[in-house]
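Some notes on the structure that comes next.
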Amino acid sequence: MNLLNKTLQQIEPQDAACRAAARARLEQLTMPHWALGRLMDLAEDLAGMTRSVCPAVARKAVVVMAGDHGVAASGVSQYPQEVTVQMIHNFVNGGAGCNALARLAGAKVVVVDAGVAGDLDGLVNEGKVISKRVAPGTANLHTGPAMTREQAVASIEAGIEVAFALNGEIDLFATGEMGIANTTPSSAIVAALTCCPVEEITGRGTGLNDAALLNKIAVIKEALRINQPDPADPLDVLAKVGGFEIGAIAGLILGAAALKKPVLVDGFITTAGALIAQGLSPIATQYMIAAHRSVEPGHRISQERLGKEPLLNLNLRLGEGTGAVLAMNLVEAAVRVLTEVATFEEASVSAGH
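See the structure below:
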């Protein structure tokens, strides 16, 4: 049995007894009933995920999956493909948006090459980038399948391997990504899985003008027409119109779920990966936390398909895992509420009626 199937078999629902114990405590805290709203909902969720009324979330990492896309040749991004490698150097040097916010949250930034087209051998040899490269970039989904089915499985298993490798040192995972043109496969994945019109899902990505946006929509429509991805088969969707880093994100989420650890899902691209994970294991959604809602129109549609309400709505559109890292403090806050606020009985305070 391959790693993917083994991992899918390890994913179990949240623990009902731990959820109930957490809820019982939260309902007795020295405040009006459920006065901290969604923070208390999150605390209950975390107890169920981790099987503990004192959930461990202190050791945090944002895992930035990187990959390149053949569809960049179809003019769907403002930036040239070499920016992927340049930004990986920026992550490693601590100069990207996600680095600044990760320092604030006390989180590690882990960079993974899932399928970058450029040379990262130096960074890999220095231990600064984890190499899980499936191939040097996908094929152009505009003219045929982005990858083979075997490569799709390999990309997911790459993400699972990263989650398992980090298991001993990380309690709370966050999804990040880097890959020029990756909003295009993400839009194609979401359109394929939700059957929503491409126009409703596709946004401006890195800031496309009107003409470039129309071209992007036309490219995605043509990709879906040519490739005919099967919405009932998430591996087929990933293989035909996806990306290596998107598969790796799906794998990271599945790995976290198998490990019974929470995973903060970032923006539109990583949410496309979450949809692939959901398709493979609906139970895995019980370990996902929607960090924020980006300005990409497909993000809302994707989150609704996942059944998730985002913690933040800040008009972000950077990616990299920035929104997920920003939400880490809310996850820690939820645990503090559960574990540090006294109950009426503990504080000798008279409860209301």
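The opening position of the sequence shown corresponds to residue 0 in numbering that gives the first Met the number 0, with each subsequent residue numbered one higher.
Think of the CB as a built atom: it goes at the ideal place given N, C-alpha and C, for glycine as much as any other residue.
Bear in mind the structure is a predicted one, so any value in this text is a computation, not a measurement.
- Message: Tell me the DSSP secondary structure of Thr174 in three-state form.
- Response: Sequence index remark: in the sequence shown, residue 174 carries index 175 (1-based). Strand.
- Message: Among the candidates Pro281, Ala289, Ile169, Met86, whose CA atom is the shortest distance from the CA of Gln9?
- Response: Start at 1 with the first residue of the sequence shown, and residue 9 comes out as number 10. Answer by Cα proximity: Pro281.
- Whether Val110 touches Val84 by CB criterion (7 Å): Within the sequence shown, numbered from 1, the residue matching residue 110 stands at position 111. Within the sequence shown, numbered from 1, the residue matching residue 84 stands at position 85. No, they are not a contact pair.
- Query: Where does Ser301 fall in DSSP's three states?
  - Reply: In the sequence shown, the residue the question calls residue 301 occupies position 302. Of the three classes helix, strand and coil, the one that applies to Ser301 here is helix, per DSSP.
- Message: Within the continuous alpha helix (DSSP H) that includes Asp232, where are the two ends?
- Response: Walking along the sequence shown from the start, residue 232 turns up at place 233. Looking at the DSSP string, Asp232 is not in any alpha helix (DSSP H), and its letter there is neither H nor E.
- Message: Taking the alpha-carbon of Met64 as reference, which of Ser130, Leu192, Ala283, Ala238 has the nearest alpha-carbon?
- Response: As a position in the sequence shown, residue 64 is number 65, starting the count at 1. Relative to the Cα of Met64, the nearest Cα in the group Ser130, Leu192, Ala283, Ala238 belongs to Ser130.
- Query: Assuming Leu192 contacts Pro144 under a Cβ cut-off of 8 Å, what Cβ separation, rounded to an integer in Å, is found between them?
  - Reply: Locating residue 192 in the sequence shown gives position 193, where the first residue counts as 1. Locating residue 144 in the sequence shown gives position 145, where the first residue counts as 1. Not a contact, Cβ separation roughly 16 Å.
- Should Phe267 and His291 be called a contact, given that it needs their Cβ atoms to be closer than 7 Å? Position 268 of the sequence shown holds residue 267. Position 292 of the sequence shown holds residue 291. No, the Cβ-Cβ distance between Phe267 and His291 is not below 7 Å.
- Task: Could you tell me which residues DSSP puts in a beta bridge with Thr269?
- Result: Translated into the one-based positions of the sequence shown, residue 269 becomes position 270. Paired residue(s): none; Thr269 is not in a bridge.
- Task: Can you grab the Cα-Cα spacing for the pair Asp40 / Pro31, in whole Å?
- Result: Locating residue 40 in the sequence shown gives position 41, where the first residue counts as 1. Locating residue 31 in the sequence shown gives position 32, where the first residue counts as 1. One C-alpha to the other measures close to 15 Å.
- May I ask which residues mark the beginning and end of the beta strand (DSSP E) holding Ala112? Against the sequence shown, residue 112 aligns to sequence position 113. Residue identity differs from the one stated: residue 112 is Asp in this sequence, not Ala. Residues 106 to 114.
- Buried versus exposed, by CB contacts within 10 Å (16 or more), Met421: This structure leaves residue 421 out entirely; the chain is present only between 0 and 352.
- Task: Please state whether DSSP places Ser130 in a helix, a strand or coil.
- Result: On the sequence shown, residue 130 is found 131 positions in, with the first residue counted as 1. The answer is strand: DSSP assigns Ser130 an E or B state.
- Of the choices Ser51, Leu207, Asn89, Gly105, whose alpha-carbon is the least far from that of Asn328? Sequence index remark: in the sequence shown, residue 328 carries index 329 (1-based). Closest by alpha carbon: Gly105.
- Message: Considering Cα atoms alone, identify which of Val197, Met86, Val262, Ile225 is closest to Lys215.
- Response: As a working mapping, residue 215 is identified with position 216 in the sequence shown. Of the candidates Val197, Met86, Val262, Ile225, the one whose C-alpha sits nearest the C-alpha of Lys215 is Val197.
- Task: Assign Asn314 to one of two classes, buried (16 or more other C-beta atoms within 10 Å of its C-beta) or exposed (fewer than that).
- Result: Looking up residue 314 in the sequence shown gives position 315. Around the C-beta of Asn314, fewer than 16 other C-beta atoms lie within 10 Å, and the residue is accordingly described as exposed.
- Message: In this structure, how does DSSP classify Thr182 when only helix, strand and coil are distinguished?
- Response: For this step, residue 182 is matched to residue 183 along the sequence shown. Helix, per DSSP.
- Identify, in the order they occur along the chain, each residue of the same chain with its Cβ nearer than 8 Å to the Cβ of Val330, setting aside the five sequence neighbours on each side. Within the sequence shown, numbered from 1, the residue matching residue 330 stands at position 331. Counting only Cβ-Cβ distances below 8 Å, and skipping sequence neighbours, we find Leu41, Leu45, Val56, Leu171, Pro261, Leu263, Ile288.
- Message: If you measure between the beta carbons of Arg148 and Leu234, is that distance less than 7 Å?
- Response: Here the question's residue 148 lines up with position 149 in the sequence shown. Here the question's residue 234 lines up with position 235 in the sequence shown. Yes, these two residues count as a Cβ contact at 7 Å.
- Near Gly178, which residues of its chain fall below 7 Å by C-beta distance, leaving aside the five closest residues on each side in sequence? On the sequence shown, position 179 is the one that residue 178 refers to. Excluding sequence neighbours, Gly178 sits near Ala65, Gly66, Asp67, His68, Thr83, Gly242, Glu244.
- Task: Using beta-carbon positions only, say whether Ala151 and Ala238 come within less than 7 Å of one another.
- Result: The count along the sequence shown starts at 1 and reaches residue 151 at position 152. The count along the sequence shown starts at 1 and reaches residue 238 at position 239. In contact: Ala151 and Ala238 (Cβ atoms closer than 7 Å).
- Would you kindly check if the distance between the Cβ of Ser301 and the Cβ of Val218 is under 7 Å? Within the sequence shown, numbered from 1, the residue matching residue 218 stands at position 219. Within the sequence shown, numbered from 1, the residue matching residue 301 stands at position 302. Cβ distance not < 7 Å, so Val218 and Ser301 don't count as in contact.
- Is it buried or exposed for Met48, if we count other Cβ within 10 angstroms and need 16 for buried? Reading the sequence shown from its first residue, position 49 is the one you call residue 48. Met48 comes out buried.
- Can you give the Cα-Cα distance for Leu3 and Ile155, rounded to whole angstroms? Translated into positions along the sequence shown, residue 3 becomes position 4. Translated into positions along the sequence shown, residue 155 becomes position 156. Taking the straight line joining both Cα atoms gives about 7 Å.
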